[in-house]
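Numbering (this note's numbering), first residue to last: 32 to 336. Even glycine gets a Cβ: it sits at the ideal position worked out from N, Cα and C. Only one structure is covered here, and it is reproduced in the block below.
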Amino acid sequence: MSAGQCSASGALDVAWCALLVTPLVVAGWRGTWELLDVHAAHFPPWESCVIGTLIHVVAGGAQEAFHALAMEGGEQRTPLGRLLLFLAMRSYTLVLHLATNVQWRGVWMLLDQHLGVVEEGGVRVAHAGVALGLFAACLGLLGGMRCLRNLNSPPFGLCADEGDPMFRFPNMFRTAMADGAARYAADVVFSVGVVGNLGVVGWRGLWLLAELLLSPCASLVLGYALVAALFLLQPTMQAVCDAPAGLRRLLAADAYMLAAVWAAVNVWRGLWTLLDRHFLPGSGPLGLWLCQGGALALLMALRCS
């Protein structure tokens with residue numbers, strides 16, 4: 032394939048992810064998150080945070096077993112076996128989707144409560160200095176642990192519903208069960224309970240910054256403009272990251288990753304607000320169920336749920 036064909040293929044891939052997959056992912060999250068808001072009495076912040084985190088810890092601890100079961104039989108699997116595997120994969124996706132929303136919403140609400148974030152009649156922060164310090168420290172910790180990539184999401188991150196990415200996700204210290212059950216369990220707990228929740232804090236901080244500085248429409252335009260610019264910068268960044276390790280490479284990679292996260296946050300905020308305003312407004316829970324169910328069904332049909 033020529034360089035021109037590779038560039039065209041890459042541009043189409045980015046457009047497909049940014050303009051089709053990302054809005055569907057945001058719609059799925061928006062439907063689930065706001066349904067949890069409707070039933071807020073059953074999903075208080077602390078309990079949501081703990082339960083969502085525990086489900087992810089169990090999924091992380093069992094990922095090798097899940098993967099082995101999924102790969103067992105291979106092409107020789109019977110039609111019934113393929114159907115059962117398909118149903119198991121989709122059920123796993125739905126459970127993790129719900130658990131992730133529960134966990135993120137719990138942490139998000141705890142941050143808003145303790146920092147005095149009020150969104151009615153315009154966003155206000157009672158403890159702005161504390162919030163700024165907390166969010167900056169969180170991003171600094173993630174950068175120091177080389178975990179800024181964990182903040183990534185569509186349109187910059189996408190996994191197919193097949194093969195290794197379906198059940199496997201990397202832990203902080205890249206341990207495996209062969210390294211010892213205790214060590215592996217500790218890695219999973221740290222990756223989910225510390226790194227994962229720090230990611231939520233980072234996202235809340237950037238989302239709050241966007242709310243204070245930009246209108247939803249401006250967020251959407253800025254987000255997609257950054258997506259396009261960062262795509263065009265990929266060859267340059269590849270050359271920088273191929274250079275010998277050093278401070279220049281480290282700073283360039285971190286700056287690029289932070290720009291990508293800022294772009295993703297703004298795209299999500301803009302799309303979320305558009306859905307709130309224009310997708311069956313005033314329809315209540317029915318509209319949220321349609322938003323969630325329709326988006327997840329389409330993502331499953333596209334094999335990228």
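Restricting to Cα atoms, I'd like to know which of the options is closest to residue i.
{"i": "F117", "options": "G164, A101, H128, L129", "result": "A101"}
{"i": "C178", "options": "L251, F97, D285", "result": "D285"}
{"i": "A295", "options": "F204, F198, L237, A326", "result": "L237"}
{"i": "V149", "options": "A326, A249, L282, L239", "result": "L239"}
{"i": "V126", "options": "A42, G83, M203, A46", "result": "G83"}
{"i": "N132", "options": "Y255, E78, F198, W47", "result": "E78"}
{"i": "C48", "options": "C190, F221, V156, Q269", "result": "C190"}
{"i": "W234", "options": "L305, L170, R121", "result": "L170"}
{"i": "L319", "options": "G41, A42, A58, T53", "result": "A58"}
{"i": "G153", "options": "A270, R280, A241, M331", "result": "A241"}
{"i": "T53", "options": "L311, L289, Y255", "result": "Y255"}
{"i": "L165", "options": "A326, P185, L142, A209", "result": "L142"}
{"i": "G324", "options": "D210, A213, T124, D273", "result": "T124"}
{"i": "V69", "options": "L329, L317, A99", "result": "L317"}
{"i": "D307", "options": "L43, W64, L51", "result": "W64"}
{"i": "L229", "options": "C335, A326, P275, A168", "result": "A168"}
{"i": "A130", "options": "V223, S184, L163, M208", "result": "V223"}
{"i": "N183", "options": "L43, L289, E151, L333", "result": "L289"}
Count the other CB atoms within 10 Å of the CB of residue i; is the residue buried (16 or more) or exposed (fewer)?
{"i": "G91", "result": "buried"}
{"i": "Q144", "result": "exposed"}
{"i": "G62", "result": "buried"}
{"i": "A71", "result": "exposed"}
{"i": "S314", "result": "exposed"}
{"i": "C335", "result": "buried"}
{"i": "S122", "result": "exposed"}
{"i": "A99", "result": "exposed"}
{"i": "C272", "result": "exposed"}
{"i": "P312", "result": "exposed"}
{"i": "P185", "result": "buried"}
Kindly indicate the opening and closing residues of the alpha helix (DSSP H) around residue i.
{"i": "D218", "result": "212-221"}
{"i": "G236", "result": "228-244"}
{"i": "H98", "result": "94-102"}
{"i": "L253", "result": "247-263"}
{"i": "P342", "result": "The structure shown does not extend to residue 342, since the chain spans only 32 to 336, so no value can be given for it."}
{"i": "G301", "result": "278-309"}
{"i": "P54", "result": "53-69"}
Is the beta carbon of residue j closer than 9 Å to that of residue i?
{"i": "R300", "j": "P247", "result": "yes"}
{"i": "L302", "j": "L243", "result": "no"}
{"i": "F74", "j": "L85", "result": "no"}
{"i": "V231", "j": "W135", "result": "yes"}
{"i": "V138", "j": "M176", "result": "no"}
{"i": "W172", "j": "N181", "result": "A small correction: the amino acid at residue 172 is Leu; Trp does not occupy that position in the sequence shown. No; because the gap between Cβ atoms is not below 9 Å, this pair is not in contact."}
{"i": "Q94", "j": "F187", "result": "no"}
{"i": "L261", "j": "Y287", "result": "yes"}
{"i": "V219", "j": "V88", "result": "yes"}
{"i": "M120", "j": "P76", "result": "no"}
{"i": "L245", "j": "N202", "result": "no"}
{"i": "F221", "j": "F204", "result": "yes"}
{"i": "V56", "j": "L330", "result": "yes"}
{"i": "H128", "j": "L327", "result": "yes"}
Per DSSP, what are the beta-bridge partners of residue i in this structure?
{"i": "V149", "result": "R155"}
Do residue i and the ligand SAH come close, with the Cβ less than 8 Å from some heavy atom?
{"i": "L264", "result": "In terms of ligand content, the structure shown is empty, and the ligand SAH therefore cannot be addressed."}
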